[in-house]
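Residue numbers 32 to 595, in the working numbering, belong to the letters of the sequence shown in order.
Note that CB positions come from ideal geometry on N, CA and C, so glycine has one too.
One structure is given below, encoded as structure tokens.
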Amino acid sequence: MPSAGQPGGAGTQKVGTQKVGTQKVGTQKVMTRRVEIFDTTLRDGSQAEGLSLTVADKLRVAEQLDRLGVHYIEGGWPGASPKDREFFARALSGELSLASAKLVAFGSTRKAGGRAETDPVMAALLEAGTGFVCLVAKASPWHITETLRATTAEGLDMVADSVSFLRGNGKSVFVDAEHFFDGYAEDPGFAREFLAVVESCGATPVLCDTNGGTLPHQVAEVVAEVRALVRGSLGVHFHNDSGCAVANSLAAVLQGADHVQGCVNGYGERTGNADLVAVVADLSLKLGVETIGADKLALLTPVAHHIAEIVNVTPAPNQPFVGVSAFTHKAGIHTSAIARAPKAYSHVEPESVGNTTHFALSEMSGRASVMLKAEQIGLTLKDEEVAYVVEQLKQLEHAGYHFEVADASLELLMRQATGWKQEFFRLESHRVVTELRSDGTFSTEATIKLWVGDERVMEVAEGNGPVNALDAALRKALGRSHPELSRIHLTDFKVRVLDSTAGTAAVTRVLIDSTDGERSWTTIGVSENVVEASWEALCDSIVYGLLHAGPQPTCAPEPFTSAP
Ligand SMILES: [Zn+2]
């Protein structure tokens, strides 16, 4: 049960009163404490450019956040957005069943000069029907007088009136103290008064670094002072404009904050909010603080990728803890050391956050690297097979392949070295036609003929380009025999023309990123012909996805050789 289940409820809050300021921190672990994780992806995070979520998307993101075990899910701003009103209505009418997370509605305090009883935002917050509400209020005198055109006394009254009204209606309330750190620097006396009002009305204060410009040492100083004033739970909310949102969250927890707001994958406007993935992993694995629960930590990678999938943002490969490159080692000088002692080059065990170690192989890789990679995939290669892979890598990388970034194609290449052949389908032929119509638009159509076991399948599909049309045709052709294909799709497609060398024509390198919703992989194709290169990467993507989706089909294959 989240520790601030009843923020402001008399005598119910035990956490947050405990200070860590007197404990030795640094190399020593902070005494086990509990920090609430409050995700605002659906409200603050959805301010990110390029993030546009339907109500159905929001419901699916909320399901994933609950699966991960976050304590609070801020669902949106019902007073400002009809879509968010619909979200709460649908979520609370049975479309969303949460195992443990609490849904929170967000809104501003009542208008200056008005009354909470008659304020439309307050009415929308009540109508949203959640047990928890997060109110935003300006905590900087400058912002109150300049942007609200109100006195600071009225600013405080807006908070007291709104919180009291919501508490009177049975809501538990968080108050996001907007611009708190700037306000504290400007007028610490007012900031203290603000916190006293929030607490005395029975709400939990959340210190917000709205402009994201505060640095960790400043956060530590302010939170230590505030912690001594606030009796109950104390929250923080950081933006990443200085690149310090995660560090600031940790600094605040080390000084006794026990509620951290942020967004999964660090989504948010400008440079984003604190990435809750890193916050949770750092607190849990490095500071010994209980967050989402030890049994949930291994869900960080699949859930982070699943949410990236729903919000349609390509996951950053270098994202700490959960990125595909987070535990990738370039094989070579370190390979044998990593093989002997995997911990030597990883700051945590990748499996602890649901990720895995990857070894990036290239033409520079020797036998030891190849054997290590094979072992990781679960393959046992004979000596001559290892030699074959090493030789293939040299030749193919010379031709323009780059297996360091195409783990899935590399795995298929290594499997082929053992005599393995994919048995999902055999291509007979395909044809792609792009036509410029008289109205000036292009249309592309792909025809594909292939064999699935003894059955010959022919399908035609249209697309917005040759790769899209081929992908659609291949899916149609395989969909009936491999329904699991519906979970697999392409997330990114990159084409690069490589300089011509030694008088040959320029070649095209295509990289395709794919996902099944939880696992992501990259495949590669190289050819002088962009469609051929794309087809190769596409085939590898589908074969790899099917290979890892479940048991292989039992149909007897005819000899079929695909490009590696
Ligand atoms: Zn924010």
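Euclidean distance between Cα positions of residue i and residue j
i, j, result
"residue 377", "residue 358", "7 Å"
"residue 551", "residue 545", "6 Å"
"residue 330", "residue 310", "14 Å"
"residue 206", "residue 270", "17 Å"
"residue 204", "residue 163", "6 Å"
"residue 138", "residue 253", "26 Å"
"residue 39", "residue 222", "For residue 39, the predicted model reports a pLDDT of 37, less than 50, meaning its position is unreliable and no value from the coordinates is stated."
"residue 250", "residue 419", "56 Å"
"residue 184", "residue 112", "29 Å"
"residue 90", "residue 339", "14 Å"
"residue 82", "residue 102", "23 Å"
"residue 353", "residue 119", "30 Å"
"residue 226", "residue 236", "7 Å"
"residue 129", "residue 85", "19 Å"
"residue 258", "residue 284", "10 Å"
"residue 220", "residue 243", "22 Å"
"residue 533", "residue 460", "Below a pLDDT of 50, predicted positions are generally treated as unreliable, and residue 533, at 49, falls in that range; no measurement from the model is reported."
"residue 588", "residue 488", "Note on residue 588: pLDDT 36, under 50, position unreliable in the model; the coordinate value appears next. Roughly 15 Å between the two C-alpha positions."
"residue 327", "residue 383", "9 Å"
"residue 193", "residue 266", "19 Å"
"residue 58", "residue 123", "With a pLDDT of 40 at residue 58, under the threshold of 50, the modelled position of that residue is not reliable, and no figure is offered here."
"residue 319", "residue 64", "8 Å"
"residue 323", "residue 69", "10 Å"
"residue 580", "residue 199", "52 Å"
"residue 523", "residue 346", "10 Å"
"residue 245", "residue 356", "29 Å"
"residue 308", "residue 209", "23 Å"
"residue 492", "residue 508", "10 Å"
"residue 234", "residue 147", "16 Å"
"residue 342", "residue 133", "21 Å"
C-beta atoms of residue i and residue j nearer than 7 Å
i, j, result
"residue 306", "residue 299", "no"
"residue 391", "residue 425", "no"
"residue 289", "residue 264", "yes"
"residue 13", "residue 557", "Outside the displayed span of the chain (32 to 595) sits residue 13, for which this structure offers no information."
"residue 514", "residue 562", "no"
"residue 247", "residue 278", "yes"
"residue 108", "residue 97", "no"
"residue 468", "residue 478", "no"
"residue 337", "residue 549", "yes"
"residue 181", "residue 143", "yes"
"residue 504", "residue 490", "yes"
"residue 211", "residue 153", "no"
"residue 292", "residue 71", "yes"
"residue 554", "residue 440", "yes"
"residue 16", "residue 127", "Any answer about residue 16 is impossible in this case: the structure gives the chain only from 32 up to 595."
Range of the contiguous alpha helix (DSSP H) that encloses residue i
i, result
"residue 188", "183-199"
"residue 226", "219-231"
"residue 510", "497-510"
"residue 400", "398-408"
"residue 425", "414-430"
"residue 9", "Outside the displayed range of the chain (32 to 595) lies residue 9, so it cannot be described from this structure."
"residue 446", "438-448"
"residue 119", "113-121"
From the options, residue whose alpha carbon lies closest to that of residue i
i, options, result
"residue 416", "399, 430, 91", "399"
"residue 519", "433, 526, 543", "543"
"residue 78", "326, 67, 106", "106"
"residue 75", "85, 304, 274", "304"
"residue 465", "295, 495, 436", "495"
"residue 349", "267, 389, 320", "389"
"residue 407", "169, 387, 423, 422", "387"
"residue 191", "540, 432, 166, 385", "166"
"residue 452", "578, 170, 117", "578"
"residue 436", "335, 568, 214", "568"
Run of the beta strand (DSSP E) containing residue i, from where it starts to where it stops
i, result
"residue 493", "486-494"
"residue 481", "473-483"
"residue 1", "Since the first and last residues shown for the chain are 32 and 595, residue 1 lies out of range."
"residue 136", "133-139"
"residue 545", "538-546"
"residue 461", "457-467"
"residue 236", "235-240"
"residue 598", "Lying before the first or after the last residue shown, residue 598 is absent from the chain, which here runs from 32 to 595."
"residue 142", "Careful: residue 142 lies outside any beta strand (DSSP E) and carries neither H nor E."
"residue 89", "Careful: residue 89 lies outside any beta strand (DSSP E), inside the alpha helix (DSSP H) at 86-99."
(message) I want to know whether the segment 150-160 touches the segment 217-231 - three or more CB-CB distances under 8 Å.
(response) no
(request) Taking 8 Å as the threshold, find out whether the segment 437-447 comes into contact with the segment 411-429 through three or more Cβ pairs. (result) yes
(message) Under 8 Å: do the segment 563-576 and the segment 471-483 share three or more Cβ pairs, one atom per stretch?
(response) no
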